[in-house]
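Read through the structure below, which is laid out as structure tokens, and then see the notes.
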Amino acid sequence: MNTQAPTGSPTDIPQHRYNATLANEIERRWQDYWDAERVFWTPNRTGLLAEDPRGVADRPPVFVLDMFPYPSGVGLHVGHPLGFIATDVYSRFERMRGRNVLHAMGYDAFGLPAEQYAVQTGQHPRVTTEQNVANMRRQMRALGLAHDPRRGPSTTDVAYYRWTQWIFLQIYNSWYDDIADRARPIGELVDEFRAGRFETPNDIAFDDLGTTEQRQLIDAYRLAYVAEVPVNWCPGLGTVLANEEVTPEGRSDRGNFPVYKRPLKQWMLRITAYSDRLIADLDQLDWSDSIKNMQRNWIGRSTGATISFPVSGREDLSIDVFTTRPDTVFGATYMVLAPEHPLVDEITANEWPGDDLFNDTGSNPLDMWKGIFGLTGPPPEAVARYRAFAAEKSDLERQAEGKEKTGVFIGAFAVNPLTTEPIPVFIADYVLMGYGTGAIMAVPGQDERDWEFAEEFGLPIVRTVQPSADFPIDVSAGGGKAYTGDGPAINSDFLDGMHVAEAKQTMIAWLEENGYGAGAITYKLRDWLFSRQRYWGEPFPIVYDEIGPVGLPEAMLPVELPAITDFEPKTSDDPDAMPEPPLARATHWVEAELTLDGPAWAGYGRGPVTYLRETNTMPQWAGSCWYYLRYLDPTNEDAFCDPAVEREWGAGVRLDGSPKVGLVDLYVGGVEHAVLHLLYARFWHKVLYDLGYVSTLEPFQRLVNQGYILAAAYTDERGMHVEAADVEERGGAYFVGDQPVDRDFGKMGKSLKNAVSPDDIYDEYGADTLRLYEMFMGPLETSRPWNTSDIIGVHRFLQRLWRNLVDEETGALRVDDAPVDDDTKRLLHRTIAAVGADMVTMSFNTAIARLFELNNHLTQLAQRGRRTPRAVATPLVLMVAPLAPHIAEELWSRLGHAATLAYESFPEADPAWLVTESVEIPVQVNGKVRAKVTVAVGADEATHEAAARAEPKVAALLADLEGGGASVKLVKVVPGRLVNIVLS
RNA sequence: GCCCGAGUGGUGGAAUGGCAGACACGGCGGACUCAAAAUCCGCUGCUCGCAAGGGCGUGAGGGUUCAAAUCCCUCCUCGGGCACCA
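Each residue of the first sequence is one higher than the one before, counting from 10 in this note's numbering.
Now the structure itself:
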């Protein structure tokens, strides 16, 4: 594998051969040069970073962004930098296309691993974090990534998180105006109350309300608010988690600990206010359909209606339900509330209804309705028992039980407003408190879940949509199933005969007219749980008095993390343990005597008061919601980003030339952030947009999700992974020593023990080879297996490229200025055209293939004793530069250029050399290629046909076929492409 | 179950209606060498055939078309997302 001979004298190796030793020397030298000459310092047009020695600030702006990494202690493996290399190649290409390119790398450095390491070692997480950042910077530098070093903040920098806190305050100090459909400053809400445009409680004028009432009224509108909500409490981590951080199995995404639903007071961000805009604006983004679909599904918009069902015998009460099928109300034969629904306590009967209720049905289903929970006591006892049963079940158990329906009748009845019949009310855990109204009308005839429940509990089933002909129409319990398709309404009075869409419309109109409901939209998306009981995160800029939370004035930022020694959140196996954040132990910090000037409705103006600080911290997503904005203006101490600078970078265009709506031109990162980071960041950006701090509607215009690098992983007889590096192949089987092992493929990493370190690749081939190999493996978006033995191919290319320009023995340039033959010229310009086009679409693998072809052609010239023409060497080096920048800089320098090629123009193809005089095209007979003929470019169809018929093989075949009785039916000519002669 | 995406030589992949397998790895053969490495040249989808040449071929089956890896339908397999969301 080593490019040097393992034995033999050193004189065997030409002194100036491009091998790992030379590559490493070249790479280090050019990395030093780029730093020293500030080659990749990108100027802004205005503000603090406007210094512009190269005069490029007025070029069209392009902002290229990577999802910034978490600075882990274990360092990079070769799977990590795939996206970083791709954005680097693209950035360098765009710079050579005459753009002003912003490309930088920051660090997402708050979070659990640093904190857990701190817990183990007692070392402050800031220390390990900074070490890890330094280590990662070094590893990135070795790859030759062209980042502006001034623009790479860490989210843990106080100068950075000060602005994270500031943005949180903007969110806190805002409310969502549903009429204007945007966020507005909270002071304007007070204006609306004072002006009487918004109703106050009991119609008391806003200024006549007590301070507490004023504050509670206003707080209820804020985009950041404290609420007691059922949250995902993870005692094993000692913290609560966002829905997005909980796996479908009901465990923590990180650590895989069990997660329990508990009502707790927590900070929430009102992302649901943006549900519609988060869906609608996807249309203007250049993202893959799959990511857009994932976001749409996550937000989960459903249209339908809310309907009120009066509670029998309780004229003051009704049960509100949400349904997407208002056309089926005539088939609603029972109702189900979520077990924790607040109405349950109010309407649960004290006694089971008497037998007389069931006389007309002939049989008494009460015992079935009571089920196992209602057998031995009155309804309140059944409710209590069922609630205990449902709460005890973890989400995992629910999953395991599948769709087995459980529940219990609560002794109450509601009235179906359409049939006017009383229908029984149940509680069941298949109805979720968190969605819709937490209650449903059950329509077993048209809903599979309701059907199963109805069968289980002996409830009546009424079909209200006529099933299509191929559908089992047996509606008896056990005989049929729910019909969810379209068809004419039946058993539905005034809807009968209408199809679903029309029936829905008609029913909604009826409901609105008769006061039983209205059209409605619901979402699966919940508000964002924003508190974490951890140390290593951003402190909230919030204090509490006896009334509630108070936002700190901007002047009091940053709120720095207090120095403590015990970083560990209290973890437990006990689901009933309460969260206890580490910051609560910093008692001297928690208590703060402050004078906050401002309006009383915001909690201000109380003179010097001792407040208690918020002891939760923000989740890791906070810092990553806006880091790209800080890249624009990283040293600004007066604003998170100068609006003029944001406008400058937001003014670019999309690939098709139309104006962009997203700030970042190209964002590359892993698909694992499809709904977490990407949704949160869009939400924050839109709040900042509404408040006038940014000019762009969206953060990320074009998104590319890179695939993973996979690698062979090996398991022994026990199924344990073994170090892939220790495995040998013998006769198609795999062994560690004498032990046979099984091979499969998986994402490269620590857990599968199949990581390959970039350092090993540098040592053996150099960074340019690694860059080129990762780009050559396949399209950026697809996952592909790492295969160390394939690297030699791209390494050979670089060696040949070097050899074609530099004499391996003497180190002299072997380039001359003799005229270039036409074949070479045509190939050069075809290559330039193809590579340029591939760079735009980031098809780097095919761009590299084209460069191989051109270089192989030069190798063949060399075989014939021809030196490489300078007119080819120059553009070839420039085309290689974005992909393998170190060797390109070195060759560029040896070609006699004094300065970096980073700002040279990317070669442009001369159209004159792209056209040829004649072209070889296939001739098909009956759609099968039989021969090839050469025709002049621009020849007419008749000439094509004549040439095809004149071709000996074709002529012979035609004669043969015609002799057999066939005749020419059609001659299809696509000029310059092919001729197809069809006989029959 | 629902929603995406993918399936092409021994391998990674190319071709998005017009010559299937560009480019690369691997393999085979050759040149150079005492020899090896490195380098360079040639061949390399399967199959029948001494050859010339023929047949087959992009997960399976069907369809549209002069022409399908590419478009449509049905199915299979793999990957990803969601999942009692009313």
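Beta carbons: idealized from backbone N, C-alpha and C, even for Gly.
{"Query": "Span separating the alpha-carbon of Val991 from that of Gly985", "Result": "18 angstroms"}
{"Query": "Start and end residues, beta strand (DSSP E) containing Val944", "Result": "Lys937 to Ala945"}
{"Query": "Beta carbon of Arg859 nearer than 7 angstroms to that of Val844", "Result": "yes"}
{"Query": "Closer than 6 angstroms: Gly340 CB and nearest the ligand HEM heavy atom", "Result": "Inclusion of the ligand HEM in the displayed structure is not the case, the ligand content being empty and no account of it being possible."}
{"Query": "Sequence-distant residues of the same chain with beta carbon closer than 8 angstroms to Ile436, five excluded per side", "Result": "Val345, Leu346, Ala347, Pro348, His350, Val353, Val392, Tyr395, Arg396, Gly416, Val417 and Ile419"}
{"Query": "Expected contact under 8 angstroms - CB spacing of Pro162 and Pro652 to nearest Å", "Result": "About 19 angstroms; that fails the 8 angstroms criterion."}
{"Query": "Where Gln24 falls, given that 16 or more other Cβ within 10 Å makes a residue buried", "Result": "exposed"}
{"Query": "Nearest candidate by alpha-carbon position, reference Ala6, set Lys762, Gln748, Val932 and Glu208", "Result": "Any property of residue 6 remains undetermined from this structure, which presents the chain solely from 10 to 993."}
{"Query": "For Glu46 and Arg106, the rounded distance between their alpha carbons", "Result": "21 angstroms"}
{"Query": "Extent of the continuous alpha helix (DSSP H) to which Ala964 belongs", "Result": "Pro961 to Gly972"}
{"Query": "Helix, strand or coil at Asp540 [DSSP, three-state]", "Result": "Note that residue 540 is Ser in the sequence shown, not Asp. In this structure, Ser540 counts as coil in the three-state DSSP scheme."}
{"Query": "Buried/exposed call for Met729, threshold 16 Cβ in 10 Å", "Result": "exposed"}
{"Query": "Contacting residues, own chain, Cβ-Cβ under 7 angstroms from Val98 (five flanking each side not counted)", "Result": "Met784, Phe853, Pro891 and Leu892"}
{"Query": "Buried or exposed (CB count within 10 angstroms, at least 16 for buried), Leu664", "Result": "exposed"}
{"Query": "Closest Cα partner of Leu996 within the set Leu910, Ser902, Leu807 and Ala827", "Result": "For residue 996 there is no data in the structure shown, the boundaries of the chain being 10 and 993."}
{"Query": "Identity of the residues DSSP links to Ile94 by a beta bridge", "Result": "According to DSSP, Ile94 bridges with nothing at all."}
{"Query": "Sequence-distant residues of the same chain with beta carbon closer than 8 angstroms to Glu563, five excluded per side", "Result": "Trp175 and Leu178"}
{"Query": "Contact belief for Tyr544 with Thr626 at Cβ below 8 angstroms, rounded distance in angstroms", "Result": "7 angstroms"}
{"Query": "Close Cβ partners of Lys962 (< 7 angstroms) along its chain, the five nearest in sequence each way excluded", "Result": "Arg939 and Ala940"}
{"Query": "Close-in-space but distant-in-sequence residues of the same chain around Ala690 (CB under 6 angstroms, 5 per side omitted)", "Result": "Cys634 and Pro708"}
{"Query": "Short Cβ contact (7 angstroms threshold) for His906 with Gly153", "Result": "no"}
{"Query": "Tyr116 - DSSP class collapsed to helix/strand/coil", "Result": "strand"}
{"Query": "Integer-rounded CB distance, given that Val474 should sit under 8 angstroms from Ala498", "Result": "6 angstroms"}
{"Query": "Same chain only: Cβ atoms within 7 angstroms of His686, ignoring 5 sequence neighbours per side", "Result": "Trp630 and Ser633"}
{"Query": "Own chain residues within Cβ distance below 8 angstroms of Arg286, not counting five before or after", "Result": "Asp190 and Lys695"}
{"Query": "Buried or exposed (CB count within 10 angstroms, at least 16 for buried), Asp157", "Result": "buried"}
{"Query": "Where the alpha helix (DSSP H) through Tyr994 begins and ends", "Result": "Given a span of 10 to 993 for the chain in the structure shown, any question on residue 994 remains unanswerable."}
{"Query": "Selection from Tyr743, Leu566 and Glu254 that minimises the alpha carbon distance to Arg752", "Result": "Tyr743"}
{"Query": "Helix, strand or coil at Tyr525 according to DSSP, with G and I counted as helix", "Result": "coil"}
{"Query": "Proximity below 7 angstroms, CB of Asp75 to CB of Val713", "Result": "no"}
{"Query": "Cβ neighbour criterion (16 or more within 10 Å) applied to Gly487", "Result": "Residue confidence is low: Gly487 scores 48 on pLDDT, short of 50, so the model does not pin down where it sits. Its coordinate-derived value is still stated next. Under this definition Gly487 is an exposed residue."}
{"Query": "At least three beta-carbon pairs within less than 8 angstroms, the segment 44 to 62 to the segment 907 to 919", "Result": "yes"}
{"Query": "Separation of Thr574 from Glu600, as counted between CA atoms", "Result": "18 angstroms"}
{"Query": "7 angstroms CB neighbourhood of Lys669 in its chain, flanking five on each side removed", "Result": "Gly661, Val662, Arg663 and Gln710"}
{"Query": "Counted within 10 angstroms of its Cβ, other Cβ atoms place Ala518 as buried (16 or more) or exposed", "Result": "exposed"}
{"Query": "Rounded straight-line distance, which links the Cα of Ala32 to that of Thr855", "Result": "24 angstroms"}
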